[in-house]
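Novice: If you scroll down you'll find the structure; I have some questions about it.
Residue numbers (the working numbering): 2 to 969.
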């Protein structure tokens, strides 16, 4: 037990040391250190001591660390984090004007003295800790120096290298996947719900296989899906509400409903659907009541499929109500399959370099896909000599069983990745995490900044690029699974495997790193109950750094059901409350608890994505250190004006809300990096004027998304053509007034915006630009590349609008695009989406050859542009020709064209009759999607695309002529 506790505290101490090292690095760059040599000296000494201890942890042959020593070390580092953050807090309060002008100089002097005194004490404590272990300051350290952080190059280089790492084939489960998919996509017979159980021990790939089926189901005629991760003591109401939520019922519609009403609503909703899929992941024996309750609701009220994953062989017996009941057992791999899978996971090992003791490696993994994946990732990041004897035998000795491989994989993780990896444990187990969200959370927590420098100390990298590199390395090590990809080939969402989540969470909980509140599990303290584990591991008041809410957190008392929980030190608060819309007024109670002991909070992250209308009144002004404010999908109607006073704010996300205005002073923000709006009108003149009047305003802004602007006069743009030149992502629609000429010319406004984009915003990596008639249509026009909508081989439901009415509506909403010239200066542009008419486009002037993704919609191009684009865009990965982008009758993909294209989507081209693919065109094409091409007759020679894996077709009531040859 003592040895286990020592390992737990050692793993936590390594992560805490890295966090403290980064905070000290940031403090070293503070102006106060530059002005005060003694302060600078203390910070450097503290950083050196921390680096010495990091080196001690990395040395394998050092004696084991005692619990007493590790406890002292953790306390010292936690205290150091507190006094550094409180120094920044005092500084922020002074900047905000919270201190009286008369008392401010004295307060600043006291603050500096407190920092100096605390740094002195820290150096003494760290010196004593080093002496206790006989450590010397000049010993080899393992801190995350710039040279030690793996750098995979700029984004377009990373994208090229990562394509080959996308989801590997199921070497052993490929045939099982086909068998599972069959009944799901087949025409339902009668009204009985079919059930498939996937049985296997942990690590056999149940969830990975099921998620692959789940992804493809939406593309094959399944109208609606729900994925529920089961827990041992999940309640019936919680279970059914989660299914309803994922089936698309707004939280406000189920608020305060009784169980009987919920059951009736679910029955009615599923009864309307021709086909649905419900996945119940990790079903346990205690869930039998939930299964039977679900069966009673949907058995005779819908045509669908329930897909179950479980480790318990008796679960399938509880589903004997279904005539379509099937069960699949995932066995361990044989030696040949194991060797093949291991080879696929050795990303960084040259093909000709054979591992010594290959048989021992396979024996260690025992035929478990997860073990093979993790050990392959571990070996990929070891030096060549460590993959040979005797080093390899020592490594394999530590990898006994899946648990041993999991621990070794984490233990050998570079120190700069450990706190980032632990942070992921805040998310619900087996929950996909958007990489966009994850990188910005890491950034807000200060886990990326110190890695933006090269070996000479020059800042050469953006922290967002560093975060994306971290995700790629974790993926290559197989410590995370990438579960979806963007059109450019980069990871879109990832998740931590269950076995790693089960290991990391108790460690992070017991050492005060994080706290997961799950009220539904805190009632009886069953085994596997994270809340019960926390209460046992925290007998006295615990200062928690990161806090996540998985259900209603307020259950009386300051800490919401755990009186020993001190919320005054929380840096991150994330809510994943699944019953969204229920008791969300309690969010404000949590925030008040976080600020209850002090007037101001240390909170850096407030992520309420998906919470229904949380209340922020009365607390936002206290969160002066806040860097991340996530309000996406909260349906809020307004945002407090105090948001403009958050000096450190880096990310503000109000997409999918009803917010239509922002405080004008927000445009003077100096640290804002990412702003996601919900497609509402903003006067561009105000933004540019703010930048002109304040040279530091918006100088760090990289993402400006969801912006609709109106007429722009030339005088308002004069002198501002270089404003916002730090932007890497811009999503902007120009709204034409009703007085715009019928010829469709965007006029002076369009030309000014075009010139600004073409000459001023040369750092863009992603551009969405359109000309529309009504702002409300902008969100509808936004591309949804990541979602697989209603695509399938079966006919889709026809829309209510008549085709001619639909065409008129579209025509009235889309205007003429002004002339863009992106080829000459936009060498970093990777993704381009254009909405609007293109009249006689000069493609060589418009499009840079750096593009990975091109989407055209409403372009109304008359002549076949495919041969020219195929020769021009040699790096293109995804091409999407959407509604009315082409008005001709034929498209020809010529030999040698689009040599790197992998995804082709052609939607709603009403005049298209023929598509011809010449031999040698699109040699690496993998996925094709045709949608609503009523006049299309032939797709000639598509079989010549040798790597083509998937063809998706969606059509109305009448099957187009080209479908039958594809089916044959």
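Here a beta-carbon is modelled for each residue, glycine too, at the ideal position from N, C-alpha and C. Remember, predicted model here, so these are calculated numbers, not experimental data.
Taking the alpha carbon of residue 403 as the point to measure from, which residue in 442, 371, 391 has its own alpha carbon closest?
Specialist: 371
Novice: Thinking C-alpha only, which one of 705, 861, 517, 488 is nearest residue 841?
Specialist: 861
Novice: Can you tell me where the beta strand (DSSP E) holding residue 679 begins and where it ends?
Specialist: Unbroken beta strand (DSSP E) run through residue 679: 675-682.
Novice: State yes or no: is the C-beta of residue 572 within less than 7 Å of the C-beta of residue 605?
Specialist: yes
Novice: My assumption, with CB atoms under 8 Å, is that residue 233 sits in contact with residue 287. Please give the rounded CB distance.
Specialist: 5 Å
Novice: According to DSSP, which residues form a beta bridge with residue 453?
Specialist: The bridge partners DSSP lists for residue 453 come to none.
Novice: Among 621, 225, 909, 693, which has the Cα closest to the Cα of residue 881?
Specialist: 909
Novice: Where does the unbroken alpha helix (DSSP H) through residue 495 begin, and where does it stop?
Specialist: Per DSSP, residue 495 belongs to no alpha helix (DSSP H); it is in the beta strand (DSSP E), 492-496.
Novice: Given a threshold of 16 other Cβ atoms within 10 Å of its Cβ, counted over all protein chains shown, does residue 10 qualify as buried or as exposed?
Specialist: It counts as buried.
Novice: Which residue's Cα is closest to the Cα of residue 486: 878, 19, 42?
Specialist: 878
Novice: Quick check on the DSSP output: the alpha helix (DSSP H) that includes residue 308 runs from which residue to which?
Specialist: Careful: residue 308 lies outside any alpha helix (DSSP H), inside the beta strand (DSSP E) at 305-311.
Novice: With a CB to CB cut of under 6 Å and the five nearest residues on each side skipped, what residues in its chain are close to residue 524?
Specialist: Residue placement at residue 524 is flagged as unreliable, the pLDDT there being 43, under the threshold of 50; the coordinate-derived value follows with that caveat. Nothing meets the Cβ criterion.
Novice: Spell out a yes or no on whether the region 42-51 and the region 446-453 are touching, meaning 3 or more CB-CB pairs, one atom from each, closer than 8 Å.
Specialist: With a cut-off of 8 Å, the region 446-453 and the region 42-51 do not count as touching, because too few Cβ pairs lie within range.
Novice: Helix, strand or coil: how does DSSP classify residue 922 here?
Specialist: Here residue 922 carries a coil assignment [DSSP, helix/strand/coil].
Novice: Quick one: what does DSSP say residue 622 is sitting in, helix, strand or coil?
Specialist: In the structure shown, residue 622 sits in a helix (DSSP, three-state: H, G or I).
Novice: Spatial neighbours of residue 430 within its chain, please: C-beta separation below 7 Å, excluding the five flanking residues on both sides.
Specialist: 230, 499, 502
Novice: For a test of the three-state rule: what should DSSP assign to residue 272, helix, strand or coil?
Specialist: helix
Novice: For residue 17, is the classification buried or exposed, using 16 other Cβ atoms within 10 angstroms of its Cβ as the cut-off for buried?
Specialist: buried
Novice: Between 843, 467, 313, which lies nearest to residue 201 when the distance is taken from Cα to Cα?
Specialist: 313
Novice: Which residues does DSSP list as the beta-bridge partners of residue 817?
Specialist: For residue 817, the pairing in a beta bridge is given by DSSP as 838.
Novice: Which residues in the same chain have their Cβ closer than 6 Å to the Cβ of residue 91, if we skip the five residues on either side of it in sequence?
Specialist: 112
Novice: Tell me whether residue 922 is buried or exposed, calling it buried when 16 or more other Cβ atoms sit within 10 Å of its Cβ.
Specialist: buried
Novice: Where residue 899 and residue 765 are concerned, what is the direct C-alpha to C-alpha distance, given to the nearest angstrom?
Specialist: 23 Å
Novice: Considering Cα atoms alone, identify which of 76, 7, 29 is closest to residue 58.
Specialist: 7
Novice: Report buried or exposed for residue 828, applying the criterion of at least 16 other Cβ atoms within 10 angstroms of its Cβ.
Specialist: Exposed, because fewer than 16 other Cβ atoms sit within 10 Å of the Cβ of residue 828.
Novice: Measuring CA to CA, which of 730, 710, 917 is closest to residue 737?
Specialist: 710
Novice: Using the rule of at least 16 other Cβ atoms within 10 Å of the residue's Cβ for burial, across every protein chain shown, is residue 330 buried or exposed?
Specialist: exposed
Novice: To the nearest angstrom, how far is the alpha carbon of residue 548 from that of residue 77?
Specialist: The alpha-carbon atoms of residue 548 and residue 77 are separated by roughly 21 Å.
Novice: Could you give the distance in angstroms between the alpha-carbon of residue 854 and the alpha-carbon of residue 425?
Specialist: 29 Å
Novice: Smallest Cα separation from residue 733: which of 761, 224, 769, 612?
Specialist: 769
Novice: Run through DSSP, which three-state label would residue 337 get?
Specialist: helix
Novice: Quick check on residue 243: does DSSP put it in helix, strand or coil?
Specialist: helix
Novice: Would you call residue 845 buried or exposed, if buried means 16 or more other Cβ atoms sit within 10 Å of its Cβ?
Specialist: exposed
Novice: Taking only three categories from DSSP, how would you classify residue 83?
Specialist: Three-state DSSP puts residue 83 in a helix.
Novice: Please state whether DSSP places residue 361 in a helix, a strand or coil.
Specialist: In the structure shown, residue 361 falls within a helical segment according to DSSP collapsed to helix, strand and coil.
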